[in-house]
Amino acid sequence: MARIKQTRINRSAGGDVSLLIIVLLFAFIMVLPMYYAIVQSLKPLDELWIFPPRFWVTHPTFKNFQDLFQNLNDSWVPFSRYIFNTLFVSIIGTFGHVIIASMAAYALSKKRFYGSKFIFKTVQLSLMFTTAVTSIPTFMVMRSLHLIDTYWSIILPAFSSSLGLYLMKQHMEAMVRDAIIEAAKIDGAGEMRIFWTIVMPMVKPAWLTLIVFSFQGLWNATGAAYIYSEQLKSLNYAVSQIVSAGIARAGTAAASIVFMMILPILVFVFSQSSIVETMSSSGIKE
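Letter by letter, the sequence shown follows residues 1 to 286 in the numbering used here.
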């Protein structure tokens, strides 16, 4: 028998160094905005307007954060109320979006019924429209349902986001084979049991990625077009009102940027491996 020689791809030391430099360069470019935002939030007011801008702080201070929380506490609606509103909308909206998108994706990817291709084409087409285009129809629908000035005016549109359905369907088609589902049916498993115990664990990276995207979008949503009661407004809206006072609130504005980006960054850090896996396999077909 002839020996089968396995060839190994070797890279030179220069190639490894070049790849390392490129990776470090892109990492620096991505980290630089966050670093600059943190530095700005620690600068006193006299250092904020130095030109050209400095990427370091000479006399760091936490006064900007103290002013931010002081202004939030001085409002007639408690600061904790803004936090509750934002967390409630973000958690409920994200949970509902993941469940509804996953169930719809399972039906479109693993069931054959009349009109399924047309429905998915419509979903793909809807990805082209931005929030600015759909805001007026969304407002009209919420008004006809008498949901204006309620939490549901933000939560229900989040349930119907087409990005989650598209992402979950593509991942289910790539990762969940029909043979596995057929074997489960032969063993007597029902549709809901197959969905929860077989399909959902296999597409865990996809719905973790969807949680990050959905939570980030709802966390940063102001809801100003649908919610008018101060008791129902989000933390992002309250912060935007505080920092809109002009130059005197420049430090407070820098602190608010850092404060608002902490939680989304933490959510992303703990699920980044799932996001990379999802993006690399969502377009793969059998």
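Yeah, the Cβ is synthetic: ideal placement off N, Cα and C, and Gly gets one too.
Host alpha helix (DSSP H) of residue i (start-end)
i: E173; result: S162 to M175
i: L208; result: K204 to W219
i: W152; result: W152 to F159
i: D178; result: D178 to I186
i: T134; result: T131 to S144
i: S234; result: Where S234 is concerned, there is no enclosing alpha helix (DSSP H), given that its DSSP letter is neither H nor E.
i: M128; result: Element bounds for M128: n/a, residue is neither H nor E.
i: I194; result: E191 to I194
Residue i and residue j closer than 7 Å at C-beta
i: L42; j: P60; result: yes
i: Y106; j: V199; result: yes
i: N64; j: A238; result: no
i: V89; j: L266; result: no
i: S161; j: L127; result: no
i: M142; j: S153; result: yes
i: L125; j: S116; result: no
i: M34; j: S102; result: no
i: L223; j: S234; result: Sequence inspection shows Gly at residue 223; the Leu mentioned does not correspond to that position. For G223 and S234, yes; Cβs fall inside 7 Å.
i: I100; j: F195; result: no
i: L68; j: T252; result: yes
i: Y166; j: V133; result: no
i: I92; j: I155; result: yes
Cβ neighbours of residue i in the same chain (closer than 8 Å, five flanking residues each side left out)
i: R81; result: Q231
i: L72; result: F79, Y82, A238, V239 and I242
i: I181; result: K110, I194, I198 and V199
i: I119; result: L108
Burial state of residue i (16 or more Cβ within 10 Å)
i: I97; result: The question names Ile, yet the displayed sequence has His at residue 97. Buried, since its Cβ has 16 or more Cβ neighbours within 10 Å.
i: I50; result: exposed
i: R228; result: Correcting the residue identity first, residue 228 is Tyr in this sequence and not Arg. Y228 should be labelled exposed.
i: M192; result: exposed
i: F354; result: The requested residue 354 does not occur in the structure, where the chain is confined to residues 1 to 286.
i: Q70; result: exposed
i: M30; result: exposed
i: A27; result: exposed
i: M140; result: exposed
i: T86; result: buried
i: E173; result: buried
i: P137; result: exposed
Close beta carbons around residue i, own chain, < 7 Å, minus the five adjacent residues each side
i: V258; result: A37, I38 and S41
i: T58; result: E47
i: L263; result: W219
i: I4; result: Bear in mind that a pLDDT of 44 at I4, under 50, signals an unreliable position, so the number given afterwards is only what the model happens to contain. Contacts found: none.
i: A184; result: I194 and I198
Own chain, CB closer than 6 Å to residue i, minus 5 neighbours either side, in chain order
i: G164; result: H97, A101 and L210
i: D149; result: I227, Y228 and S229
i: A250; result: L48
i: V176; result: V199 and M202
i: D16; result: none
Exercise for the section: For the stretch 6-61, list the beta strand (DSSP E) runs that are entirely contained and at least 3 residues long, ordered along the chain. Expected result: none
Practice task
With a floor of 3 residues, list each beta strand (DSSP E) that falls wholly inside the stretch 89-124, ordered by position along the chain.
Solution key: none
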